[in-house]
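Heads up: the sequence shown begins at 608 in this note's numbering, then just goes up one per residue. In this text, a Cβ means the ideal position worked out from N, Cα and C, and glycines have one as well. This one's a predicted model, so the numbers in the text were calculated from it and none came from an experiment.
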Amino acid sequence: MNALSDLMNRIVSLCKRRGFVFPGSEIYGGFGGFYDYGPLGVELKNNIKLQWWKRMVYEREDVVGLDAAIIMNPKVWEASGHVEAFTDPLAECFACHHRFRSDHLQSDSCPDCGGKLSEARKFNILVETSVGVLEDQKKKAYLRGEITQGVHVNFRNVLDSTPLKIPFGIAQIGKAFRNEITPGNFIFRQREFEQMELQFYVKPEAEEGKKWFEYFKGLRMQWYRDLGIRKENLRFRDHRMDERAHYAQAATDIEYNSPFGWSEFEGIHHRGAWDLGRHGQYSGQDLSYFDNESKERYVPWVIETSGGVDRAFLFFLLDAYSEDGKRVVLRLNPKLAPYKAAVFPLVANKPDIYNTAHEIYHQLKRKLNTVAWDDRGNIGKRYYSQDEIGTPWCVTVDYQTLDDGTVTVRDRDTAVQERVKANELEGYLVQKLS
Ligand code: ATP
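As structure tokens, then:
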């Protein structure tokens, strides 16, 4: 086993052992391509989504949020091209997961990387479901294959209900479902996953499209950097003409240098007028925009940023994982860490120490939401246990606390300990977190 696949195994095992990610329906033997997020996983995932929402919605004046239904009128998927595009006989490469129309292939290896191809099958990557209770009147529908379309079908509603003017964007985070032929690499390729997307509407002019495409490339890359992913593990990969959707004017991926190779985190796509044009055509509704300044009517172009919450989760973990002798440290950005702090009584059998620690724990929890409590074993073990799950600060109440009202605050990354006044602790941690 090489060092990198070993790293992947360690992450998978840490996730199970400490309650980040469990195999889906595990007691029934699992279910391929589905995972459940445990007590720590749900916190990390929520923190990723919150940081995304902050950067993409709260810090801006030109973006609003939306939460569309997972099941939509099936015509949406005809208009978007998914029904048509996903029913061709396709073969998928086991290595790079690119799919090819089998009638376009000359050999049984993959044109992009030389990997082995699966058998060609007629399949539809959309997950089907049916809506209605009467057996003979059930209507076929789909669980959305991407969250994108829920935004575009609401373009007119958002425009009519807000004062926004082009350029503006609509952000959404939510589940998507795909019948992937080869789910794998842990949570990297699942059948149920979560996306975080911005659809940004711009004036249909070449310069305008280019400007916003470049702007969002920079903004999205910076977000991963600001949350601590190492520079050398990130890159852009521009799509070749033959890889791009036929309507895309430009497309690039943000990739992470993972144990299974450079892999897509997020796509930035210049989708032109495809989405609103098609929905306008299929619904018969007018989805054009009247520009009051230039007195022009046009169908806006769309610049999209489409990232995976689960993939970000995996790459943040991989990038943060480090071993220092026997000590495993998850050097997560404190904003992402599942617990912001942990509180320990030095000894559990001294009521004064125990009660003071418990009071501090409750007080911090009210402010920071997630704070761990541990009174088991010795202090060294407790530190190790918190390091492994990325808790940035451990607070210990000891004998000195009873004398001078100070506690020990120990930093995860440096292991340096500082004495801080208990009544200043909350402000001290809040400041560090910001
Ligand atoms: P890939 O080429 O890896 O299949 P894609 O190009 O089909 O990905 P998009 O349709 O652009 O992906 O979806 C946007 C984002 O959604 C991806 O960058 C990824 O982060 C996430 N995503 C897509 N498919 C999956 C999946 N099966 N499991 C987890 N995340 C996914």
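Backbone secondary structure at Leu614 - three-state DSSP: Looking up residue 614 in the sequence shown gives position 7. Three-state DSSP puts Leu614 in a helix.
Nearest candidate by alpha-carbon position, reference Arg934, set Ala783, Gly997, Asn786 and Arg832: As a first step, residue 934 must be located in the sequence shown, where it is residue number 327. Distances from the alpha-carbon of Arg934 to those of Ala783, Gly997, Asn786 and Arg832 put Gly997 closest.
Asp982 versus Val1004, Lys746 and Ala727, residue with shortest Cα-Cα distance: By one-based count along the sequence shown, residue 982 stands at place 375. The shortest C-alpha separation from Asp982 is found at Val1004.
Terminal residues of the beta strand (DSSP E) in which Glu930 lies: For the purposes of this step, residue 930 is taken as the residue at position 323 of the sequence shown. Counting along the chain, the beta strand (DSSP E) containing Glu930 begins and ends at Tyr928 to Asp931.
Buried versus exposed call for Leu1044 [16 or more other C-beta atoms within 10 Å across all chains shown]: Given that the chain is displayed from residue 608 to residue 1041, the structure contains no residue 1044 and the question cannot be resolved.
Own chain residues within Cβ distance below 7 Å of Arg973, not counting five before or after: Locating residue 973 in the sequence shown gives position 366, where the first residue counts as 1. So no residue of the chain qualifies.
Residue burial classification, Glu699 (beta-carbon count within 10 angstroms, cutoff 16): The count along the sequence shown starts at 1 and reaches residue 699 at position 92. Buried is the label assigned to Glu699, since at least 16 other Cβ atoms lie within 10 Å of its Cβ.
Minimum length 4: unbroken alpha helix (DSSP H) runs contained in the stretch 676-708: As far as the stretch 676-708 is concerned, its whole alpha helix (DSSP H) runs of at least 4 residues are 682-686 and 689-692.
Backbone CA spacing between Glu862 and Arg844 [nearest angstrom]: For this step, residue 862 is matched to residue 255 along the sequence shown. For this step, residue 844 is matched to residue 237 along the sequence shown. Per the coordinates, the alpha-carbon of Glu862 lies some 7 Å from the alpha-carbon of Arg844.
8 Å contact criterion, which Val740 and Arg785 should meet: CB distance rounded: By 1-based counting over the sequence shown, the position of residue 740 is 133. By 1-based counting over the sequence shown, the position of residue 785 is 178. 27 Å between Cβ atoms; not a contact.
CA-to-CA distance, Arg904 to Glu873, given in whole angstroms: As a first step, residue 873 is located in the sequence shown; it is residue number 266 there, counting from the start. As a first step, residue 904 is located in the sequence shown; it is residue number 297 there, counting from the start. If you draw a straight line from the Cα of Glu873 to the Cα of Arg904, it is about 32 Å long.
Under 8 Å between C-beta atoms of Leu943 and Ile655: Translated into positions along the sequence shown, residue 943 becomes position 336. Translated into positions along the sequence shown, residue 655 becomes position 48. Pairing Leu943 with Ile655 gives a Cβ-Cβ distance under 8 Å.
Local conformation of Phe897 per DSSP, three classes: Taking the sequence shown and counting its residues from 1, one reaches residue 897 at position 290. Phe897 falls in the strand class under three-state DSSP.
Start-end ranges of the beta strand (DSSP E) lying completely within the stretch 767-827, minimum 3 residues: Listed in chain order, they are 775-784 and 799-809.
Sub-8 Å separation of Val760 and Gln779 beta-carbons: The residue labelled residue 760 in the question sits at position 153 within the sequence shown. The residue labelled residue 779 in the question sits at position 172 within the sequence shown. No, the pair does not count as a contact, with Cβ atoms beyond the cut-off.
Proximity winner among Ser901, Lys902, Arg851 and Leu894, relative to His877 (alpha-carbon distances): In the sequence shown, residue 877 corresponds to position 270, counting from 1. The alpha carbon of His877 has as its nearest neighbour, out of Ser901, Lys902, Arg851 and Leu894, the alpha carbon of Arg851.
Identity of the residues DSSP links to Asp860 by a beta bridge: Here residue 860 refers to the residue found at position 253 when the sequence shown is read from its first residue. Paired residue(s): Arg844 and Gly874.
Those residues which DSSP pairs with Phe629 across a bridge: Here the question's residue 629 lines up with position 22 in the sequence shown. Phe629 is bridged to Asp643.
Contacting residues, own chain, Cβ-Cβ under 7 Å from Lys747 (five flanking each side not counted): For the purposes of this step, residue 747 is taken as the residue at position 140 of the sequence shown. Cβ neighbours of Lys747 beyond the five flanking positions: Pro681, Glu735 and Ser737.
8 Å Cβ cutoff met for Cys1001 and Gln993: Mapped onto the sequence shown, residue 1001 falls at position 394. Mapped onto the sequence shown, residue 993 falls at position 386. Contact: yes.
Length-filtered (3 minimum) beta strand (DSSP E) runs lying within the stretch 901-969: As far as the stretch 901-969 is concerned, its whole beta strand (DSSP E) runs of at least 3 residues are 903-905, 908-915, 928-931, 934-937 and 948-952.
Cβ neighbours of Tyr990 in the same chain (closer than 7 Å, five flanking residues each side left out): Locating residue 990 in the sequence shown gives position 383, where the first residue counts as 1. The answer, listed in chain order, is Cys1001 and Arg1017.
Inter-residue Cα distance where the pair is Val950 and Asp767: Here the question's residue 950 lines up with position 343 in the sequence shown. Here the question's residue 767 lines up with position 160 in the sequence shown. Between Val950 and Asp767, the alpha-carbon positions lie close to 50 Å from each other.
Which listed residue (Gly776, Pro646 and Lys652) has its alpha carbon closest to that of Phe922: Within the sequence shown, numbered from 1, the residue matching residue 922 stands at position 315. Taking only the C-alpha atoms, the option nearest Phe922 is Lys652.
Glu1033 CB to nearest heavy atom of ligand 1 below 7 Å: As a first step, residue 1033 must be located in the sequence shown, where it is residue number 426. Answer for Glu1033: no, Cβ out of range of ligand 1.
Residue interval of the alpha helix (DSSP H) (run including Tyr749): What you label residue 749 is simply residue 142 of the sequence shown in a count that begins at 1. Where Tyr749 is concerned, there is no enclosing alpha helix (DSSP H), although the beta strand (DSSP E) it sits in stretches over Lys746 to Leu750.
Proximity test, His704 beta-carbon vs ligand 1 heavy atom, cut-off 7 Å: For the purposes of this step, residue 704 is identified with residue 97 of the sequence shown, where counting begins at 1. His704 has its Cβ nearer than 7 Å to a heavy atom of ligand 1.
Where Arg837 falls: helix, strand or coil (DSSP): Position 230 of the sequence shown holds residue 837. In the structure shown, Arg837 falls within a coil segment according to DSSP collapsed to helix, strand and coil.
Check: Ser913 C-beta below 7 Å from any heavy atom of ligand 1: Here the question's residue 913 lines up with position 306 in the sequence shown. Yes, ligand 1 has a heavy atom inside 7 Å of this Cβ.
Helix, strand or coil at Leu724 [DSSP, three-state]: The residue given as residue 724 occupies position 117 in the sequence shown. Residue state, collapsed to three classes: strand.
The alpha helix (DSSP H) enclosing Val1002, as first and last residue numbers: Counting from 1 along the sequence shown, the entry for residue 1002 is found at position 395. Element bounds for Val1002: not the alpha helix (DSSP H) but the beta strand (DSSP E), Trp1000 to Val1004.
In DSSP terms, what Thr1013 is bridged to: Numbered from 1 along the sequence shown, position 406 holds the residue referred to as residue 1013. Thr1013 is bridged to Lys1028.
Reference Ile551; option with closest CA among Ser865, Gly868, Gln856 and Cys720: In the structure displayed, the chain extends from 608 to 1041; residue 551 sits before or after that span and is not available.
Beta-bridge pairing of Ala855 - partner residues as DSSP gives them: Residue numbering aside, residue 855 sits at position 248 when the sequence shown is read from its first letter. Under DSSP, no beta-bridge partner is assigned to Ala855.
Span separating the alpha-carbon of Lys1039 from that of Ala948: Here residue 1039 corresponds to residue number 432 of the sequence shown, with the count starting at 1. Here residue 948 corresponds to residue number 341 of the sequence shown, with the count starting at 1. Pairing Lys1039 with Ala948, the inter-Cα distance amounts to about 11 Å.
Whole-angstrom distance between Gly781 and Phe762, CA atom to CA atom: In the sequence shown, residue 762 corresponds to position 155, counting from 1. In the sequence shown, residue 781 corresponds to position 174, counting from 1. Straight-line Cα distance between these residues: approximately 18 Å.
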